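Engineer: Please read through the structure below; I'll follow up with questions.
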Amino acid sequence: MIMKLTFISPRLAIQKDDFLGSGVPYWPVELATLAAFAREQGDDVSLIDLFGNNPKQLSDAGEYYLQGDQISGYLDGEIIQKAEAFLIFAISYMSHQEILSIIENLKESVPDIPIAILENSQAVTAYSLQRVKSEYFYAGADLLICGEPYFNWDAIKLQLVKRGSVQVAKNLITRTSTHVPERISVKGMYYPTPAWDLVNLPGYWSLPYSHGPKTPKYLPILTSRGCPYPCDFCIVPETNNRSWHGNDPDQVVEEIIALRDSFGVYDFQVEDLNPTVKCERWEKICELLAKRKANIRFYFVSGTKAETLRIKSIPLFAKAGCRYISISPETGSNELLQVIGKKFNHEHGTNLITACRVNRIRTQACLLVGHPKESEKDFKASMDYLTHMVKAGLDEIAVFVVSPFAGSKLHAKKAITLNDDAALISFSPKGRANYIALQNRRKALIRRFFVLKLHKGMDLWLQGIRSLFGTPETKMENLPRRVAFIYMRVLLFRVAKSLSRRL
Numbered sequence: 001m002i003m004k005l006t007f008i009s010p011r012l013a014i015q016k017d018d019f020l021g022s023g024v025p026y027w028p029v030e031l032a033t034l035a036a037f038a039r040e041q042g043d044d045v046s047l048i049d050l051f052g053n054n055p056k057q058l059s060d061a062g063e064y065y066l067q068g069d070q071i072s073g074y075l076d077g078e079i080i081q082k083a084e085a086f087l088i089f090a091i092s093y094m095s096h097q098e099i100l101s102i103i104e105n106l107k108e109s110v111p112d113i114p115i116a117i118l119e120n121s122q123a124v125t126a127y128s129l130q131r132v133k134s135e136y137f138y139a140g141a142d143l144l145i146c147g148e149p150y151f152n153w154d155a156i157k158l159q160l161v162k163r164g165s166v167q168v169a170k171n172l173i174t175r176t177s178t179h180v181p182e183r184i185s186v187k188g189m190y191y192p193t194p195a196w197d198l199v200n201l202p203g204y205w206s207l208p209y210s211h212g213p214k215t216p217k218y219l220p221i222l223t224s225r226g227c228p229y230p231c232d233f234c235i236v237p238e239t240n241n242r243s244w245h246g247n248d249p250d251q252v253v254e255e256i257i258a259l260r261d262s263f264g265v266y267d268f269q270v271e272d273l274n275p276t277v278k279c280e281r282w283e284k285i286c287e288l289l290a291k292r293k294a295n296i297r298f299y300f301v302s303g304t305k306a307e308t309l310r311i312k313s314i315p316l317f318a319k320a321g322c323r324y325i326s327i328s329p330e331t332g333s334n335e336l337l338q339v340i341g342k343k344f345n346h347e348h349g350t351n352l353i354t355a356c357r358v359n360r361i362r363t364q365a366c367l368l369v370g371h372p373k374e375s376e377k378d379f380k381a382s383m384d385y386l387t388h389m390v391k392a393g394l395d396e397i398a399v400f401v402v403s404p405f406a407g408s409k410l411h412a413k414k415a416i417t418l419n420d421d422a423a424l425i426s427f428s429p430k431g432r433a434n435y436i437a438l439q440n441r442r443k444a445l446i447r448r449f450f451v452l453k454l455h456k457g458m459d460l461w462l463q464g465i466r467s468l469f470g471t472p473e474t475k476m477e478n479l480p481r482r483v484a485f486i487y488m489r490v491l492l493f494r495v496a497k498s499l500s501r502r503l
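Counted from 1, the sequence shown has number 271 at position 271 by UniProt numbering; the numbering is strictly sequential.
Next up, the structure:
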């Protein structure tokens with residue numbers, strides 16, 4: 001069955017006055033991968049990336065801004081009017097209300113065309129579709145795709161066409177289905193190179209910031225899928241069934257080189273949930289990159305599991321082009337780690353940071369505050385471990401406030417109280433009952449980091465210089481440009497709004 005399909009990725013939601021928990025310009029990697037897969041199956045695929053098409057456009061949505069084009073500007077075009085089905089990417093929980101609005105607009109414009117929602121199973125910022133299915137169906141969606149869609153793509157299309165007259169596949173949810181969706185990940189599955197030709201790459205490159213350290217031209221890549229760990233604050237145990245499998249090293253290297261040659265890109269941000277679960281796989285990738293003289297740089301921008309990285313392998317990683325590694329201790333407290341369901345070897349973490357420092361690989365550590373079971377003792381342990389990491393050579397930290405992302409165990413237990421149910425769910429959840437106290441904990445960790453770094457020599461000063469005049473080597477160095485960019489957009493938005501009122 002061949003279909004004419006329009007894929008849609010929503011605008012980006014940015015919580016007002018928040019540059020720590022929202023507004024990161026994640027690319028629609030899974031959507032572009034599915035677009036490439038569908039084209040290979042013969043489907044006629046168009047892709048509307050509302051954020052990427054116009055990231056300099058800002059709209060006020062009350063408690064937050066929406067960055068990108070509005071769907072209303074596309075409704076009269078052939079890409080909408082001639083489509084046989086729509087597939088909207090649930091890229092982020094923060095964009096949930098925007099996605100519901102897109103559905104409503106499409107149903108008003110072309111009411112007879114079916115709408116499917118694709119879960120973003122490969123991101124911690126996403127959410128489980130089954131937990132919000134009633135909201136989607138109320139807005140007008142016809143089908144929810146949970147987990148990966150590749151193994152039964154024909155069945156998904158058949159469901160869109162027949163709408164209720166065929167048996168519902170295990171990974172799908174319809175208005176009338178009653179089963180719990182089963183997310184199926186097939187080891188050895190073929191994943192094509194994302195269809196980046198359908199995406200406005202200059203739109204992303206024109207931004208002065210990115211998820212990882214911002215370079216003039218870069219691309220995200222996925223080299224593995226899933227994560228085997230059961231952290232209770234994370235959605236991934238549900239959206240991936242705690243499964244993990246990595247792409248073959250030869251395939252990874254071939255994709256990197258093909259993208260380098262096709263788009264002139266030499267910087268790659270590795271967006272895997274947990275890329276180094278099998279360190280020997282990445283060791284082989286590094287050996288192949290060096291052997292092929294790929295001359296590229298890569299950055300592990302999402303906190304990987306530190307213990308899976310062998311200290312002795314760090315020189316090899318550096319030789320192959322690794323410039324940045326993010327790890328996720330989460331906390332300095334072993335007691336809280338046990339509650340979370342995560343193991344972390346703190347000594348190995350500091351040794352890894354030191355090894356990276358010696359080999360000129362920048363490091364980031366991700367910490368969290370606000371777990372319902374976090375005590376003052378646990379928080380002090382995080383402060384103490386931060387001190388050890390900075391002494392070991394840590395380059396930057398990210399501190400997240402735990403938020404009830406739909407699909408996490410904490411969300412299911414209703415362990416986190418929200419004063420405002422309409423508040424944006426982000427890593428700065430302003431709707432949390434004790435948000436100010438948690439924000440103070442976050443600030444205390446960040447303050448300690450900067451005080452310690454100021455006593456460590458010229459590091460912090462050099463980071464400041466690079467953030468203003470050079471090419472960033474850490475995420476932190478993106479921040480001044482990002483703040484300036486967003487506030488300039490806000491200013492222009494307010495000026496335009498004021499002028500329109502006068503006219």
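Heads up, the beta-carbon is just placed ideally off N, CA and C, and yes, glycines get one too. Fair warning: this is a prediction, and the values are worked out from it, not measured in the lab.
1) Which residues share a DSSP beta bridge with I45?
2) For F344, which beta-bridge partners are listed by DSSP?
3) So C279 is in the alpha helix (DSSP H); what residue range does that whole segment cover?
4) Just to confirm, are A320 and A355 a CB contact at a threshold of 7 Å?
5) Rounded to whole angstroms, what is the Cα-Cα separation between G457 and Y191?
6) Under 7 Å, do I235 and S408 count as touching if we go by C-beta distance?
7) So the beta strand (DSSP E) Q67 belongs to, where does it begin and stop?
8) How many angstroms separate the CA atom of R297 from the CA atom of Y209?
9) Please classify Y190: does DSSP put it in a helix, a strand, or coil?
10) With 16 other CB atoms within 10 Å as the buried threshold, where does H179 fall?
11) Cα separation between M488 and S403?
12) Give the secondary structure of F151 by DSSP, where H, G and I count as helix, E and B as strand, and everything else as coil.
13) For the candidate residues R357, P472, F485, S109, whose alpha-carbon lies nearest to that of T215?
14) Just tell me which of C366, F89, D261, V199 has its CA closest to the CA of V301.
15) Starting from A72, trace the beta strand (DSSP E) in both directions and tell me its first and last residue.
16) From what residue to what residue does the beta strand (DSSP E) around S59 run?
17) Tell whether a beta-carbon distance below 7 Å holds between P194 and V29.
18) Measuring CB to CB, does A381 end up less than 7 Å from S333?
19) From D18 to I99, what does the alpha carbon distance come to, in whole angstroms?
20) Roughly how many whole angstroms lie between the Cα atoms of L143 and R183?
21) Jot down the residue ranges of each uninterrupted beta strand (DSSP E) in the region 179-233, minimum 3 residues, whole runs only, in chain order.
22) Starting from Q364, trace the beta strand (DSSP E) both ways and give me its first and last residue.
23) Classify A496: buried if its beta carbon has 16 or more other beta carbons within 10 angstroms, exposed otherwise.
24) The beta strand (DSSP E) that contains G303, what's its start and end?
25) Out of T350, T363, G341, state which residue places its alpha-carbon closest to the alpha-carbon of I325.
26) Relative to the C-alpha of D232, which residue among Q70, A415, N247, L352 is closest?
27) Between V369 and the rest of its own chain, which residues show a CB-CB distance below 8 Å, the 5 nearest in sequence each way excluded?
28) For H348, I'd like the list of residues in its chain whose CB is within less than 7 Å of its CB, leaving aside the five on either flank, ordered along the chain.
29) Between the beta-carbon of T223 and the beta-carbon of N247, is there less than 7 Å?
30) Between N53 and the rest of its own chain, which residues show a CB-CB distance below 8 Å, the 5 nearest in sequence each way excluded?
31) Can you tell me whether DSSP reads Q324 as helix, strand or coil?
32) Do you know how far the Cα of P275 is from the Cα of E254?
33) Locate the beta strand (DSSP E) running through L87, then write down its first and last residues.
34) Excluding five sequence neighbours on each side, which residues of the same chain lie with their C-beta closer than 6 Å to the C-beta of G431?
35) Provide the residue span of the beta strand (DSSP E) that contains A13, from first to last.
36) What span of residues does the beta strand (DSSP E) with E119 cover, start to end?
Structural biologist: On the basis of the supplied data:
1) Looking up residue 45 in the sequence shown gives position 45. Residue identity differs from the one stated: residue 45 is Val in this sequence, not Ile. The beta-bridge partner set that DSSP reports for V45 consists of L5.
2) Here residue 344 corresponds to residue number 344 of the sequence shown, with the count starting at 1. Answer by DSSP bridge pairing: none, since F344 is not bridged.
3) Sequence index remark: in the sequence shown, residue 279 carries index 279 (1-based). Going by DSSP, C279 is part of the alpha helix (DSSP H) stretching over 279-291.
4) Locating residue 320 in the sequence shown gives position 320, counting from the first residue. Locating residue 355 in the sequence shown gives position 355, counting from the first residue. At the C-beta level, A320 and A355 stay beyond 7 Å of one another.
5) Position 457 of the sequence shown, counted from the first residue, corresponds to residue 457. Position 191 of the sequence shown, counted from the first residue, corresponds to residue 191. Rounded to whole angstroms, G457 to Y191 spans 46 Å at the Cα level.
6) Against the sequence shown, residue 235 aligns to sequence position 235. Against the sequence shown, residue 408 aligns to sequence position 408. With respect to the 7 Å criterion, I235 and S408 are classified as neighbours on the basis of their beta carbons.
7) Translated into the one-based positions of the sequence shown, residue 67 becomes position 67. Secondary structure note for Q67: its beta strand (DSSP E) is the uninterrupted segment 64-67.
8) Here residue 297 refers to the residue found at position 297 of the sequence shown. Here residue 209 refers to the residue found at position 209 of the sequence shown. Taking the straight line from one Cα to the other gives about 17 Å.
9) Here residue 190 corresponds to residue number 190 of the sequence shown, with the count starting at 1. Reduced to three states, the DSSP call for Y190 is coil.
10) On the sequence shown, position 179 is the one that residue 179 refers to. Counting Cβ neighbours within 10 Å, H179 comes out exposed, since fewer than 16 surround it.
11) Here the question's residue 488 lines up with position 488 in the sequence shown. Here the question's residue 403 lines up with position 403 in the sequence shown. In a straight line, the C-alpha of M488 is about 29 Å away from that of S403.
12) Numbered from its first residue, the sequence shown carries residue 151 at position 151. In the structure shown, F151 sits in coil (DSSP, three-state: anything other than H, G, I, E or B).
13) Residue mapping note: residue 215 aligns to position 215 of the sequence shown, counting from 1. Minimum Cα distance to T215 is reached at P472.
14) Within the sequence shown, numbered from 1, the residue matching residue 301 stands at position 301. Here the closest residue by C-alpha is C366.
15) One-based indexing of the sequence shown puts residue 72 at position 72. The sequence shown places Ser at residue 72, not Ala. Per DSSP, S72 is not a residue of any beta strand (DSSP E), being assigned neither H nor E.
16) By one-based count along the sequence shown, residue 59 stands at place 59. Residues 58-60.
17) For the purposes of this step, residue 194 is identified with residue 194 of the sequence shown, where counting begins at 1. For the purposes of this step, residue 29 is identified with residue 29 of the sequence shown, where counting begins at 1. For P194 and V29, yes; Cβs fall inside 7 Å.
18) Taking the sequence shown and counting its residues from 1, the one referred to as residue 381 is at position 381. Taking the sequence shown and counting its residues from 1, the one referred to as residue 333 is at position 333. Cβ atoms of A381 and S333: closer than 7 Å.
19) Along the sequence shown, one-based indexing puts residue 18 at 18. Along the sequence shown, one-based indexing puts residue 99 at 99. Rounded to whole angstroms, D18 to I99 spans 21 Å at the Cα level.
20) One-based indexing of the sequence shown puts residue 143 at position 143. One-based indexing of the sequence shown puts residue 183 at position 183. Rounded to the nearest angstrom, the two C-alpha atoms are 15 Å apart.
21) The region 179-233 contains these whole beta strand (DSSP E) runs: 219-221, 224-226.
22) Within the sequence shown, residue 364 is the residue found at index 364, counting from 1. 362-369 is the extent of the beta strand (DSSP E) around Q364.
23) As a working note, residue 496 is residue 496 in the sequence shown. Per the 10 Å Cβ criterion, exposed.
24) Translated into the one-based positions of the sequence shown, residue 303 becomes position 303. From DSSP, the beta strand (DSSP E) with G303 extends over 297-304.
25) The residue labelled residue 325 in the question sits at position 325 within the sequence shown. Nearest C-alpha to I325: T363.
26) The sequence position of residue 232 within the sequence shown is 232, counting from 1. It is A415.
27) For the purposes of this step, residue 369 is taken as the residue at position 369 of the sequence shown. Closer than 8 Å at Cβ, skipping near neighbours: F379, S382, V399, F400, V401, V402, L438, R441, R442, L445.
28) For the purposes of this step, residue 348 is taken as the residue at position 348 of the sequence shown. Once the five neighbours on either side are set aside, the close Cβ partners of H348 are A306, E307.
29) Translated into the one-based positions of the sequence shown, residue 223 becomes position 223. Translated into the one-based positions of the sequence shown, residue 247 becomes position 247. Contact: yes.
30) Taking the first residue of the sequence shown as position 1, residue 53 is located at position 53. Within the same chain, N53 has close Cβ partners G68, D69, N200, G203.
31) Sequence index remark: in the sequence shown, residue 324 carries index 324 (1-based). According to the sequence as given, residue 324 is Tyr; it is not Gln. When secondary structure is reduced to three states using DSSP, Y324 falls in the strand class.
32) Here the question's residue 254 lines up with position 254 in the sequence shown. Here the question's residue 275 lines up with position 275 in the sequence shown. If I take the Cα positions, the gap works out to 17 Å.
33) The residue you call residue 87 lines up with position 87 of the sequence shown. 85-90 is the span of the beta strand (DSSP E), which, as asked, contains L87.
34) On the sequence shown, residue 431 is found 431 positions in, with the first residue counted as 1. Excluding sequence neighbours, G431 sits near L418, N419, D420, A423.
35) As a working mapping, residue 13 is identified with position 13 in the sequence shown. Going by DSSP, A13 is part of the beta strand (DSSP E) stretching over 12-15.
36) In the sequence shown, counting from the first residue as 1, residue 119 sits at position 119. The continuous beta strand (DSSP E) containing E119 extends over residues 115-119.
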